[in-house]
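Participant:
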Amino acid sequence: MVLGIVRTPWNPTATSFRPRAPNDRSNRTCRKRVAYRAAHASATNGFYNVDKVEQLKKLLSAPGIQQGPCAHDALSAKLIERGGFSMAFMSGFCVSGARLAEPDAGMISYGEMVDAGKLICDSTSIPIIGDGDTGYGNAMNVKRTVQGYARAGFAGILIEDQVAPKACGHTRNRKVVSRGEALSRVRAAADARDEGAGILIAARTDSRSACSLEEALWRVQAFRDEGADVVFIDALQSREEMEAFCKAAPFIPKMANMLEGGGSTPLLSPRELEEMGFKLVAYPLSLLGVSMRAMETALDDLKRGVVPTSPALPTFPEMQEVLGFPEYYAEEARYAVRTEDAVAADVVSGDLLATSTQSIEPELLEPEGYGGAQSRGSSLRRGLWLRLTVTNSDGVVQLDTRFPADFLGGLAGRAGTFTNFLPQVAGLDLDALLKDVPLSNVDWDSNKPQELIDVMRGGQRIQVSIDQGSGWRF
């Protein structure tokens, strides 16, 4: 007797077992409705990442076993792909630990897992199987969970038969729901897949630790018959049990869990697992575990005044390379405005933008210059527009803007300066530089901009000229 339900003896020679529904007619009606929804979803292409799902299907059908380290955030997922792995898992244990610093005991919510999963899936091009726990409720919640994980970009989802609140399968006091409720979860997940979610369903049972090996074997056979794409018994306790699992569930991919650091299941090599009949193997704690230990070591060193160095600490350029700075810079360069094709932009902020839309009355300037005895006042600047261009050493224009010349004088006496608005020229006193410009030596030509300042500062070329679009005349 298991949970008040009469056990059906497990037949090791049987290739499948499907429990008969209490009302077979009702069951057929339900399946017709599911078939209709599936046809409709197929016509609308569903809402899942087709490429990643197809990648996962190809991996499951290809020779060899697939190793999947478990990610807990976007960076760990990116490192898994950089490490040469073809697929990965998102671990509920690790996400709960990394995001909440809480135990994997039902503390983390569906919304938090989907949010973490989207970041993980967006950071990599390899297929990810996400930990969907119990589906976060009844069968209808399971369907919503599968749909949400599909939208987040997962290629597959793990659904298990624990009671709520669930916990890590290798911890104590594991309990599972009845056979009927367990099958209902898998059936709902498979229906959600067929109705448009599209991602693969990995059905997990924790009944080995909660009940017995016999019960676990019964359940994985039933999960297969309910439409699961992958089956998984967590916390198997010996090689013999692992072999029995592979023999009991032929013709379907089987998953092993190599819990590092002291789990219930023997740690076997990928080759040994493949020879037994496993297709997928998860390594749930490697990345989070070594990260925890590395951070503790670094903190101990810092407390003693020792800064971590190589090889424990990558160089700053190495960190930038992992995080994608070179790719970012390469793409950024595609949109940079260079000197030879720069387009004058009316880019001003705050009061400058409002001023630039007003009609400016041109002012006749005398050639004495800004420093002349009779032309020092700000009245000579009214109606005059200046153009400021800042170019880096690669010839890329970092700033190209125009502004009224009298704006410089208008900032005099304020707490801030002109460079508060334009940080690219921070510390440069444009007002003082302009006062020293000898305008008497300028060969005025209304057909081209008149350059007033051209200086190098901090590897940048700073140019100020009278803007020919301002309507000035001499």
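For the sequence shown, my numbering begins at 656 and goes up steadily by one. Idealized CB from N, CA, C, for every residue including glycine. What you are looking at is a predicted structure, and each value in this text was computed from that prediction instead of being measured.
Residues in the same chain with beta-carbon distance under 6 Å from Ser862, minus the five sequence neighbours each way, listed in chain order, please.
Facilitator: If we look at Ser862 and ignore the five residues flanking it on each side, its Cβ neighbours are Val831, Glu870, Ala871 and Arg874.
Participant: Distance, Cα to Cα, Ile763 vs Val841?
Facilitator: Approximately 22 Å, taken between the alpha carbons.
Participant: Let me check understanding here. Comparing Cα to Cα, which of Glu836, Ser780, Lys773 and Ile854 lies closest to Leu813?
Facilitator: When each option's Cα is compared against that of Leu813, the closest is Ile854.
Participant: Restricting to Cα atoms, I'd like to know which of Arg848, Gln1118 and Pro905 is closest to Val801.
Facilitator: Per the Cα distances, Arg848.
Participant: Figure out for me which residue from Arg806, Asp956, Ser780 and Arg1116 has the closest Cα to the Cα of Phe739.
Facilitator: In the sequence on display, residue 739 carries Gly and not Phe. Comparing Cα-Cα distances from Gly739 to each of Arg806, Asp956, Ser780 and Arg1116, the minimum goes to Ser780.
Participant: By the DSSP assignment, the beta strand (DSSP E) with Gln876 in it spans what residues?
Facilitator: Premise fails: Gln876 lies in the alpha helix (DSSP H), Leu868 to Asp880, not in any beta strand (DSSP E).
Participant: Out of Met745, Asp706, Leu838 and Leu730, which has the shortest C-alpha to C-alpha gap to Arg879?
Facilitator: The residue with the shortest Cα to Cα distance from Arg879 is Leu838.
Participant: How many Å lie between Phe980 and Arg989 at the Cα?
Facilitator: C-alpha separation (whole angstroms): 15 Å.
Participant: Of all the options Val977, Ala807, Pro939 and Pro925, which has the alpha carbon lying nearest to the alpha carbon of Gly747?
Facilitator: Considering only alpha carbons, the answer is Pro939.
Participant: According to the Cβ coordinates, are Tyr804 and Gly785 closer than 8 Å?
Facilitator: The answer is yes: Cβ separation under 8 Å.
Participant: Quickly, what does DSSP pair Asp786 with across the bridge? List them, please.
Facilitator: Its beta-bridge partners are Leu813.
Participant: Sorted by chain position, which residues of the same chain lie with C-beta nearer than 7 Å to Leu928's C-beta, five sequence neighbours on each side aside?
Facilitator: Excluding sequence neighbours, Leu928 sits near Ile720, Ala911 and Val936.
Participant: For Ile735, name the three-state secondary structure that DSSP assigns.
Facilitator: Looking at Ile735 - three-state DSSP - the assignment turns out to be helix.
Participant: Would Met947 pass as a contact of Met897 if the rule is Cβ separation under 8 Å?
Facilitator: Cβ atoms of Met947 and Met897: not closer than 8 Å.
Participant: Going by the DSSP bridge assignment, what does Asn625 pair with across the sheet?
Facilitator: Within the shown structure, residues of the chain are numbered from 656 to 1129, placing residue 625 beyond reach of any answer.
Participant: Hey, Gln722 and Pro908 are a contact pair by Cβ (cut 8 Å); roughly how many whole angstroms apart?
Facilitator: About 14 Å; that fails the 8 Å criterion.
Participant: Considering only the beta carbon of each residue, do Thr860 and Leu891 sit closer than 8 Å?
Facilitator: No, Cβ-Cβ distance for Thr860 and Leu891 is not below 8 Å.
Participant: Between the Cα of Gly1114 and those of Asp1049, Val945, Arg806 and Phe906, spot the shortest distance and give me the residue it belongs to.
Facilitator: Comparing Cα-Cα distances from Gly1114 to each of Asp1049, Val945, Arg806 and Phe906, the minimum goes to Asp1049.
Participant: Span of the beta strand (DSSP E) holding Arg848?
Facilitator: Counting along the chain, Arg848 falls outside any beta strand (DSSP E), and DSSP gives it neither H nor E.
Participant: Would Val985 be called buried (16 or more neighbouring beta carbons within 10 Å of its own) or exposed?
Facilitator: Sequence inspection shows Ala at residue 985; the Val mentioned does not correspond to that position. Exposed, because fewer than 16 other Cβ atoms sit within 10 Å of the Cβ of Ala985.
Participant: Within this structure, are the beta carbons of Ser864 and Arg829 separated by less than 8 Å?
Facilitator: Yes, Cβ-Cβ distance for Ser864 and Arg829 is below 8 Å.
Participant: Determine, using beta carbons only, whether Ala852 and Ile775 come nearer to each other than 8 Å.
Facilitator: Contact flag unset, no.
Participant: Considering Cα atoms alone, identify which of Leu730, Lys707, Leu715 and Leu714 is closest to Gln975.
Facilitator: Closest by alpha carbon: Leu730.
Participant: Could you work out which residue in Lys773, Gly917, Asp770 and Val818 is closest to Asn637 when comparing CA atoms only?
Facilitator: Given that the chain is displayed from residue 656 to residue 1129, the structure contains no residue 637 and the question cannot be resolved.
Participant: According to DSSP, what are the bridge partners of Ser1120?
Facilitator: Arg1042 and Glu1106, per the DSSP bridge assignment.
Participant: Label Arg959 either buried or exposed according to how many other C-beta atoms from any shown protein chain fall within 10 Å of its C-beta, with 16 as the threshold for buried.
Facilitator: Under this definition Arg959 is an exposed residue.
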